[in-house]
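S.K.:
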Amino acid sequence: MGFSELKANIKQNGINDPLSYVENNGKKFVVDGNNRLKAARELGMKSVPVNEVKLPYGSYRNFNDLVYSRY
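Going by our numbering, the first residue of the sequence shown is number -9, and it counts up by one from there.
Rendered as structure tokens:
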């Protein structure tokens, strides 16, 4: 599914699969669901379902991986 299809699906059905994030020093980093978050922002959604997870998660082993993934 491409981004435009994802966005259309979210517009019609909302977000059913929560985004996953980790928190470090008061900052939240999305580790699963970045495209859903982007679509929600573009649609003007004020909130989305989320789950806080702990590291390691997926390919993120530590907080340095999160910082480097932002670029």
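Glycine residues also receive a C-beta, built at the ideal position from the N, C-alpha and C atoms.
What first and last residue would you give for the beta strand (DSSP E) that runs through Ser(-6)?
M.R.: Not the beta strand (DSSP E): Ser(-6) falls in the alpha helix (DSSP H), residues Phe(-7) to Asn3.
S.K.: Cβ atoms of Val21 and Tyr47: under 8 Å apart, would you say?
M.R.: In contact: Tyr47 and Val21 (Cβ atoms closer than 8 Å).
S.K.: Helix, strand or coil: how does DSSP classify Asn54 here?
M.R.: Residue state, collapsed to three classes: helix.
S.K.: Please identify the residue among Glu42, Lys28 and Glu13 whose C-alpha is closest to the C-alpha of Asn54.
M.R.: If we check each option's Cα against that of Asn54, Glu13 comes out closest.
S.K.: Taking the straight line between their C-alpha atoms, what separation do you get for Tyr61 and Leu(-4)?
M.R.: For Tyr61, the predicted model reports a pLDDT of 43, less than 50, meaning its position is unreliable; a value from the coordinates is still stated below. The alpha-carbon atoms of Tyr61 and Leu(-4) are separated by roughly 23 Å.
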